Amino acid sequence: MRSLSAILLLLLSCNAHAALNVFACEPEWAALTQELAGDKANIYTATGPLQDPHRVEARPSLIAKARRANLVVCTGAELEVAWLPVVLRESGNNEVQVGSTGYFEAVQFVKMLEVPSRLDRADGDVHAQGNPHIQTDPRNFLPVADALTKRLIHLDGANTNGYQQRLAAFNTKWSAAIAKWEQQAAPLKGASVLVQHQGFPYLTDWLKLKEIATLEPKPGMEPSAAYLSQILNTLQKQPAQMVLRAAYQGARPSAWIAQRAHLNVVELPYTVGGSTGANDLYGLFDDTIARLLKGLQ
Amino acid sequence: MLKELSTSAAIAAMLFQSASSFAANTGNLDNGFNPAFSLILSGTYGSVQRGPAIPATGFAMNPNPGHEQGFNLGESEMGISASIDPEYRGVATLALDPAGGISVENAFVQTTALGDGFNLKFGRFFSGLGYLNEQHAHAWDFVDQPLVYATFWGNQLGEDGVQLKWLAPAETFIELGGEIGRGRGFPGTDTVRNGIGAGVLFAHIGDDIGIEHSWRVGASLHQTKRVAAESTSVPDVNGSPVTDLFSGNSQTTGLDFVWKYSPDGNMRNSYFKLQGEYFSRKETGYLTYDTAGVNVNDTFSVTQSGFYLQSVYQFVPRWRAGLRCDRLAPGVAQVGALNAGNVISDYAFNPTRTSLMLDYSPSEFSRLRMQVANDRTRQGSPDKQFFLQYIMSLGAHGAHTY
Numbered sequence: 001m002r003s004l005s006a007i008l009l010l011l012l013s014c015n016a017h018a019a020l021n022v023f024a025c026e027p028e029w030a031a032l033t034q035e036l037a038g039d040k041a042n043i044y045t046a047t048g049p050l051q052d053p054h055r056v057e058a059r060p061s062l063i064a065k066a067r068r069a070n071l072v073v074c075t076g077a078e079l080e081v082a083w084l085p086v087v088l089r090e091s092g093n094n095e096v097q098v099g100s101t102g103y104f105e106a107v108q109f110v111k112m113l114e115v116p117s118r119l120d121r122a123d124g125d126v127h128a129q130g131n132p133h134i135q136t137d138p139r140n141f142l143p144v145a146d147a148l149t150k151r152l153i154h155l156d157g158a159n160t161n162g163y164q165q166r167l168a169a170f171n172t173k174w175s176a177a178i179a180k181w182e183q184q185a186a187p188l189k190g191a192s193v194l195v196q197h198q199g200f201p202y203l204t205d206w207l208k209l210k211e212i213a214t215l216e217p218k219p220g221m222e223p224s225a226a227y228l229s230q231i232l233n234t235l236q237k238q239p240a241q242m243v244l245r246a247a248y249q250g251a252r253p254s255a256w257i258a259q260r261a262h263l264n265v266v267e268l269p270y271t272v273g274g275s276t277g278a279n280d281l282y283g284l285f286d287d288t289i290a291r292l293l294k295g296l297q
Numbered sequence: 001m002l003k004e005l006s007t008s009a010a011i012a013a014m015l016f017q018s019a020s021s022f023a024a025n026t027g028n029l030d031n032g033f034n035p036a037f038s039l040i041l042s043g044t045y046g047s048v049q050r051g052p053a054i055p056a057t058g059f060a061m062n063p064n065p066g067h068e069q070g071f072n073l074g075e076s077e078m079g080i081s082a083s084i085d086p087e088y089r090g091v092a093t094l095a096l097d098p099a100g101g102i103s104v105e106n107a108f109v110q111t112t113a114l115g116d117g118f119n120l121k122f123g124r125f126f127s128g129l130g131y132l133n134e135q136h137a138h139a140w141d142f143v144d145q146p147l148v149y150a151t152f153w154g155n156q157l158g159e160d161g162v163q164l165k166w167l168a169p170a171e172t173f174i175e176l177g178g179e180i181g182r183g184r185g186f187p188g189t190d191t192v193r194n195g196i197g198a199g200v201l202f203a204h205i206g207d208d209i210g211i212e213h214s215w216r217v218g219a220s221l222h223q224t225k226r227v228a229a230e231s232t233s234v235p236d237v238n239g240s241p242v243t244d245l246f247s248g249n250s251q252t253t254g255l256d257f258v259w260k261y262s263p264d265g266n267m268r269n270s271y272f273k274l275q276g277e278y279f280s281r282k283e284t285g286y287l288t289y290d291t292a293g294v295n296v297n298d299t300f301s302v303t304q305s306g307f308y309l310q311s312v313y314q315f316v317p318r319w320r321a322g323l324r325c326d327r328l329a330p331g332v333a334q335v336g337a338l339n340a341g342n343v344i345s346d347y348a349f350n351p352t353r354t355s356l357m358l359d360y361s362p363s364e365f366s367r368l369r370m371q372v373a374n375d376r377t378r379q380g381s382p383d384k385q386f387f388l389q390y391i392m393s394l395g396a397h398g399a400h401t402y
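Chains as they are written, first to last, in this note's numbering: chain A, 1 to 297; chain B, 1 to 402.
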């Protein structure tokens, strides 16, 4: 036992001098932390771009990574409710439990959309705090970056100047990029779209797209043929120009409806790594806008 | 009865309170589910050709959970959990017996602030041994538990005691754990004395291989001193059922593994899961043969073992199919000279069973299942079994373990 605690102390003291260990729940937060912390953080990304973040399992590897984390950066709003509580509990790491300084939730710093007025599972897998897919609007990254930087400084005060410089640089570059994307996306204004999962309210809000219908009858439920036929009827009255699908979602429902209604399917990367073009945060939106514009043709 | 009624009233009050706080919190939902309250509703239809009360050959001194025939309301399970304060979290799971009455399945407190990889749990909990033992019935992949769990642990080993786990600060998941308790669940004999009734040690190692594969392997050791463990209807050499008593040491070792594969790591679309567990139990002590009759006491020792291997395949979203193979070995008992003419030492038969299941989950919160089994657990009495099952969960839906 004594030698065990000696090893433990050694490992802990090593950690104290090394960079921050960051456990990012989704790739977009890993990418943002990378922008803001540079080489001051070792970042582990818990979910891949082709995984449905609602349905990840509390795998042993995730628990082991959370055990060594100094900071956990997640979306929140119950997006990770199926796995993160177990990962944090089993990690035995008191620095990153909910409510401690090592636990960061992005949704707390943005204006949430689709906050349900009632909570009833008859409405499907609804999220009480609102729709958690905030990463599809680049404007949301500005307040999150600001809050995340404060948290990094709180945990690693020795590098305060570096974090502040990086944040300022990010803010300038990101704001310029948003202006560029908005200009590029001008033709998309008012375009009518179908969405496969209720996962794009922030994107449609940002680019002023008009959402006609959702292919999932209720959030989290697979579309049935009967329900898709109903949507076909809706489309006769209210035609749509394209159907949006996140890269991690199954292709069948959108392909089915696109074929019958002669629509373009637009597969969006949805997060960093979701397509070859989306290799970082900038690439994510460059590629998203390019794919949407192509969908208009 | 009175006690039961008051418990039900207390639970109803709790339910009401939870529901009303839920409603009041709509809009400001940080603690919309505090305490998190959940209810599992389940039921089965069972069709078996042979009497389910007959135990597997060679396992008359082990539990036999059996199967319910016809339409049957399964145990509805109620769960309440919440943080107690920044240091502790509390969990209670109550099983509502279809015949009336409530039993406490789990009621434990868990630390959240020990840090350094330590987790302490105390109260009533499912032991961390093996892989399946900690999983609640609603998370099982089949209608019933594998034979080795049914006969070695009475489906699941529940303990009243303390559990300490430590997770190593390593890249790979390496977890060590130990438990001490009163020996409440079989093979423990629920000791009513000072001291420790049973102890468990376990170790788990796990990791990912790329984003598509994940695995965990484990080893466990369970030790208890059995005191006057009574078994009724045990067949003897003449074939007549008698009541026997066993006292002595019981030591069980176990190995378990699970491997999961999912294309692109996307469990929602499709996945494949393969798991297996092996247990071997050595019991050494004294057996009293036929307590109601000749009542002869002499030495007795036996090593029983068993394993299962199962796979579950989600071939499209919502649909899963599964196959499970079970096998038990009753072992050859060393029977003291006084009982050599009474107690069967070698059954020369290995109980086996093959089960196939298909389930459909309209949403994350509901599941419908069909299962058929070819049961060859009782020598000379093969059985074809058929089951239908529904499992529905409402309220807060806690995260599942791996």
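Beta carbons: idealized from backbone N, C-alpha and C, even for Gly. No experiment lies behind these values; they were computed from the predicted model shown.
Asked: On the CB-based measure, 16 or more other CB atoms within 10 Å of its CB, does G277 of chain A come out buried or exposed?; Found: exposed
Asked: Please find out if some non-hydrogen atom of the ligand GTP comes closer than 7 Å to the beta-carbon of N106 of chain B.; Found: Among the components of this structure there are no ligands whatsoever, and the ligand GTP is therefore not found.
Asked: Rounded to whole angstroms, how far is the Cβ of G123 of chain B from the Cβ of W153 of chain B, which I believe are closer than 8 Å?; Found: Contact doesn't hold; Cβ gap of about 19 Å is too wide.
Asked: Looking at G398 of chain B: is its Cβ nearer than 8 Å to the Cβ of F37 of chain B?; Found: no
Asked: Cβ atoms of L142 of chain A and N131 of chain A: under 8 Å apart, would you say?; Found: no
Asked: Do the stretch 74 to 89 of chain B and the stretch 110 to 128 of chain B meet, that is, are 3 or more Cβ pairs less than 8 Å apart?; Found: yes
Asked: With C-beta atoms as the reference, is R260 of chain A less than 8 Å away from L232 of chain A?; Found: yes
Asked: Could you tell me the distance, in whole angstroms, from the CA atom of G158 of chain B to the CA atom of V104 of chain B?; Found: 10 Å
Asked: Need the endpoints of the alpha helix (DSSP H) that R260 of chain A sits in, please.; Found: 252 to 261
Asked: Under the assumption that V258 of chain B contacts D141 of chain B (Cβ atoms under 8 Å), give the Cβ distance between them as a whole number of angstroms.; Found: With 8 Å as the limit, V258 of chain B and D141 of chain B do not qualify as a contact, their Cβ atoms being about 11 Å apart.
Asked: Could you check what DSSP says for D383 of chain B in three-state terms: helix, strand or coil?; Found: strand
Asked: Near D383 of chain B, which residues of its chain fall below 7 Å by C-beta distance, leaving aside the five closest residues on each side in sequence?; Found: V48, Q49, R50, D375
Asked: Excluding the five sequence neighbours on either side, which residues of its own chain have a C-beta within less than 7 Å of the C-beta of G248 of chain B, listed in chain order?; Found: R226, E283, T284, G285, Y286
Asked: Nearest to P241 of chain B by alpha carbon, out of B:E212, B:K165, B:R327, B:G293?; Found: B:G293
Asked: Is K40 of chain A helix, strand or coil by DSSP?; Found: helix
Asked: Quick one: does F173 of chain B have its CB under 8 Å from some CB of chain A?; Found: yes
Asked: Within 8 Å of any Cβ in chain B, is that where the Cβ of L215 of chain A sits?; Found: no
Asked: Output the distance between the C-alpha atoms of W206 of chain A and W181 of chain A, rounded to the nearest integer angstrom.; Found: 11 Å
Asked: How do the stretch 137 to 154 of chain A and the stretch 212 to 228 of chain A stand: do at least 3 beta-carbon pairs fall below 8 Å, yes or no?; Found: no
Asked: Taking Cβ-Cβ distances below 8 Å as the criterion, which residues of the stretch 257 to 272 of chain B are in contact with chain A?; Found: K260, D264, G265, N266, M267, R268, N269
Asked: Can you look up G181 of chain B in the DSSP assignment and give me helix, strand or coil?; Found: strand
Asked: So, is S13 of chain A buried or exposed, given that buried needs 16 or more other C-beta atoms within 10 angstroms?; Found: Note that S13 of chain A scores a pLDDT of 45, beneath 50, so its modelled location is shaky and nothing firm can be said.
Asked: Return helix, strand or coil for Y308 of chain B, following the three-state DSSP convention.; Found: strand
Asked: A203 of chain B: which of B:G130, B:N64, B:Q135, B:G74 sits nearest, CA to CA?; Found: B:G130
Asked: Is it the case that the stretch 47 to 61 of chain A contacts the stretch 192 to 209 of chain B, given that we only count it when at least three CB pairs across the two stretches are under 8 Å?; Found: yes
Asked: Residues in its own chain within less than 7 Å of G183 of chain B by CB, not counting five upstream and five downstream?; Found: T189, D190, T191, G197, A198, T224
Asked: Do you know whose CA, among A:L36, A:E78, A:P53, A:V96, lies nearest K65 of chain A's CA?; Found: A:V96
Asked: Between the stretch 353 to 370 of chain B and chain A, which residues of the former have a C-beta closer than 9 Å to a C-beta of the latter?; Found: P362, S363, E364, F365
Asked: Counting C-beta neighbours from all protein chains within 10 Å, is the total for L147 of chain B 16 or more, i.e. buried, or is it exposed?; Found: buried
Asked: Can you tell me whether DSSP reads G46 of chain B as helix, strand or coil?; Found: strand
Asked: Does the distance from the C-beta atom of L71 of chain A to that of G102 of chain A stay below 8 Å?; Found: yes
Asked: Check whether the Cβ of F126 of chain B lies closer than 8 Å to any Cβ atom in chain A.; Found: no
Asked: Helix, strand or coil for G283 of chain A? Go by DSSP, reduced to three states.; Found: helix
Asked: Using a Cβ cut-off of 8 Å, pull out every chain B residue sitting near G102 of chain A, in sequence order please.; Found: None at all; the shortest Cβ gap to chain B is about 11 Å.
Asked: Counting contacts by CB-CB distance shorter than 8 Å, is A147 of chain A in contact with chain B?; Found: no
Asked: So, do the stretch 104 to 119 of chain A and the stretch 162 to 182 of chain A have three or more beta carbon pairs nearer to each other than 8 Å?; Found: no
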